[in-house]
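Colleague: Residue 157 is where the sequence shown starts when you use the numbering used here, and the numbers rise one by one after that.
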Amino acid sequence: MIEQAYVQAGDKPTPTLKDIRDRIAKAVDATEGSTGLKRLACWLQMPVDSAFGKMMDSNCQGRAKEVGALLSPGKDGLFTPADLGSVRSASAAWTGIDTALKAERAVYVNGPAEHVGGAKSKFTTGFHVIVFLAVGKDADDRVYYLGLDPDVSATAESRAGWKALVAGEPETKPEEFTAAKSLGVVKSMILGDEEDGFGPLVRKYYVDTTAKFPKINRFG
157 MIEQAYVQAG DKPTPTLKDI RDRIAKAVDA TEGSTGLKRL ACWLQMPVDS
207 AFGKMMDSNC QGRAKEVGAL LSPGKDGLFT PADLGSVRSA SAAWTGIDTA
257 LKAERAVYVN GPAEHVGGAK SKFTTGFHVI VFLAVGKDAD DRVYYLGLDP
307 DVSATAESRA GWKALVAGEP ETKPEEFTAA KSLGVVKSMI LGDEEDGFGP
357 LVRKYYVDTT AKFPKINRFG
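1. Using 8 Å for Cβ pairs, my map puts GLY274 next to SER314. What's the rounded Cβ distance?
2. Counting only runs of 4+ residues fully inside the stretch 220-298, write out the alpha helix (DSSP H) ranges in chain order.
3. For the alpha helix (DSSP H) containing VAL342, name the first residue and the last one.
4. Report the rounded CA-to-CA distance for TYR162 versus LYS174, giving the unit in angstroms.
5. Would you identify the three-state DSSP class for ALA320, choosing helix, strand or coil?
6. Among GLU159, VAL184, SER228, VAL272, which residue has its Cα nearest to the Cα of ALA259?
7. Is ILE286 closer than 9 Å to PRO268 when the C-beta atoms are compared?
8. Quick one: Cα of LEU339 to Cα of PHE288, how far?
9. What is the C-beta distance between LEU240 and LYS368, in whole angstroms, given that I count them as a contact (C-beta under 8 Å)?
10. Buried or exposed, going by whether 16 or more other CB atoms sit within 10 Å of the CB of ARG409?
11. Determine which residues share a DSSP beta bridge with ALA310 and list them.
12. By alpha-carbon positions, which one of VAL299, ALA295, GLY348, ARG298 ends up nearest to ALA320?
13. I'd like to know whether the C-beta atoms of ALA310 and LYS276 end up nearer to each other than 9 Å.
14. With a Cβ-Cβ cutoff of 9 Å, do ILE158 and TYR362 count as a contact?
15. DSSP state of GLN164, grouped into three classes?
Spelled out as structure tokens, the structure:
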């Protein structure tokens, strides 16, 4: 599994944390929200034990493409690299990804679920898709990628955040989950409550850019 960590206030990726936050906030605000569930389905991948039965899907591919497009103001839009498990040169592939990110293009990252997903994810076999938004270095020059993983079940923190936000909501009547409520939930899970940070669905990924991704086991 790719090592992951949460964003720190002093992190300085390219584009900047503020730029990424503003980009996400604008896109979430503009998302069609005539029903609360519609906005949730766009931005979040619900855990398979979600009370919202209509949201019990594994559509990480479609969601990443949609969210990635919404978060790509740069020319040419969402960047989809070659298969990171079979590229001839991993280093060259990641150089291309860096270039796309610095040009304000989100990057579609597809890999084995157990490699790119979160430590607590309910989606543990086959593939999973996340979206990278920026690239940066820690103080020790270690490179990381800022990524959005819509999977609510991905980490202990994301599970706790989700439970706190939806507990007591109209579980038997999901159509009453309002557009206003969905807006608050999505922003809390992705942007969090701090102006210089993010919620539990945005994390730093320490990718080994010299190695190919493991092969996806499509029959596991």
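Built from N, CA and C at the ideal position, the CB exists for glycine as well. Everything numeric in this text was worked out from a predicted model, so none of it was measured.
Modeller: Reading from the atomic positions:
1. Here residue 274 refers to the residue found at position 118 when the sequence shown is read from its first residue. Here residue 314 refers to the residue found at position 158 when the sequence shown is read from its first residue. Confirmed, about 7 Å.
2. Unbroken alpha helix (DSSP H) runs of no fewer than 4 residues, entirely contained in the stretch 220-298, are found at 246-258, 269-272, following chain order.
3. Taking the sequence shown and counting its residues from 1, the one referred to as residue 342 is at position 186. From DSSP, the alpha helix (DSSP H) with VAL342 extends over 335-346.
4. Locating residue 162 in the sequence shown gives position 6, where the first residue counts as 1. Locating residue 174 in the sequence shown gives position 18, where the first residue counts as 1. Near 16 Å, if we compare the C-alpha coordinates of LYS174 and TYR162.
5. Locating residue 320 in the sequence shown gives position 164, where the first residue counts as 1. Looking at ALA320 - three-state DSSP - the assignment turns out to be helix.
6. Residue 259 sits at position 103 when you count from the first residue of the sequence shown. Among GLU159, VAL184, SER228, VAL272, the Cα nearest to that of ALA259 belongs to SER228.
7. Position 112 of the sequence shown, counting from 1, holds the residue named residue 268. Position 130 of the sequence shown, counting from 1, holds the residue named residue 286. Cβ atoms of PRO268 and ILE286: not closer than 9 Å.
8. Your numbering for residue 339 matches position 183 in the sequence shown. Your numbering for residue 288 matches position 132 in the sequence shown. Taking the straight line from one Cα to the other gives about 22 Å.
9. Position 84 of the sequence shown, counting from 1, holds the residue named residue 240. Position 212 of the sequence shown, counting from 1, holds the residue named residue 368. That belief holds up - the Cβ atoms of LEU240 and LYS368 are roughly 6 Å apart, short of 8 Å.
10. Look at the range of the chain in this structure, 157 to 376, and you will see that residue 409 is not part of it.
11. Translated into positions along the sequence shown, residue 310 becomes position 154. Its beta-bridge partners do not exist; DSSP assigns none.
12. Within the sequence shown, residue 320 is the residue found at index 164, counting from 1. Distance from the Cα of ALA320 is smallest, within the candidate group VAL299, ALA295, GLY348, ARG298, for GLY348.
13. Taking the sequence shown and counting its residues from 1, one reaches residue 310 at position 154. Taking the sequence shown and counting its residues from 1, one reaches residue 276 at position 120. In terms of Cβ geometry, ALA310 and LYS276 form a close pair [threshold 9 Å].
14. Within the sequence shown, numbered from 1, the residue matching residue 158 stands at position 2. Within the sequence shown, numbered from 1, the residue matching residue 362 stands at position 206. Contact flag set, yes.
15. The sequence position of residue 164 within the sequence shown is 8, counting from 1. Here GLN164 sits in coil by DSSP.
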